[in-house]
Amino acid sequence: QEQLDEMYDTKIGLEATAAEATGQRDKAQEHVSMLQQREAELVEQIESLQVASSGADGMQSTITDLEQELQAKTAALGNAESSLKELSDQAQSYASSAERLGGELASLQEQLDEMYDTKIGLEATAAEATGQR
């Protein structure tokens, strides 16, 4: 029973961890979407500035700054996508472990029930044998 309780506690912990990892994955997806939107905005700004610029140094400096920001955001987007993949894989792993432990827990509960039924049968047999003496 103690092993069964420990496995059940582990299963609950894995389910909670899987839920947390899923929440983190969802936050990362939101962050990725935000970065993608910002990237699109920056690309649009760069294109607008390039069209509108008449070669002025100030405009070129702004374009360069925006290009650098775009590169940084693109790198951050890549990192966020990588983190999202890792969190998704981790959540799947936790869910699989929780499912496996759930199966083991059910099997152990079934064995425990069978052992209890055997005990009850043996006690009844012993009581009957004692009564026949």
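So my numbering is basically just the index in the sequence shown, starting at one, shifted up by 2. Beta carbons are placed, not taken as given, at the ideal position from N, Cα and C, and that holds for glycine. Fair warning: this is a prediction, and the values are worked out from it, not measured in the lab.
Just confirm the distance between the C-beta atoms of residue i and residue j, as a whole number of angstroms; I'd bet it's less than 8 Å.
i: Ala30; j: Tyr96; result: Not confirmed; about 16 Å, so no contact.
i: Leu1; j: Glu83; result: What is shown of the chain runs 3 to 135, which leaves residue 1 out entirely.
i: Met61; j: Leu68; result: That pair is no contact at about 10 Å.
i: Leu37; j: Lys75; result: 6 Å
i: Gln26; j: Leu89; result: 5 Å
i: Met9; j: Glu116; result: The pair is not a contact, with the Cβ atoms about 17 Å apart (cut-off 8 Å).
i: Gly133; j: Lys13; result: No, Gly133 and Lys13 are not in contact; Cβ-Cβ is about 44 Å, not under 8 Å.
Cβ of residue i within 7 Å of any heavy atom in the ligand MN?
i: Glu112; result: Here there are no bound small molecules, and the ligand MN is not part of this structure.
Let me confirm a value: residue i is counted as buried when at least 16 other C-beta atoms fall within 10 Å, else exposed. Which label applies?
i: Arg102; result: exposed
i: Ala121; result: According to the sequence shown, residue 121 is Lys rather than Ala. So Lys121 ends up on the exposed side.
i: Ala129; result: exposed
i: Ala77; result: exposed
i: Ala23; result: buried
i: Ala100; result: buried
i: Ala93; result: buried
i: Leu124; result: exposed
i: Leu114; result: exposed
- Item | Secondary structure, beta strand (DSSP E): runs of 3+ residues fully inside the stretch 16-44 | none
- Query: In chain order, which continuous runs of the alpha helix (DSSP H) of length 4 or greater are located wholly inside the stretch 67-122?
  - Reply: none
- Query: Does the stretch 107-126 come within contact of the stretch 4-16, defined as at least 3 CB pairs closer than 8 Å?
  - Reply: yes
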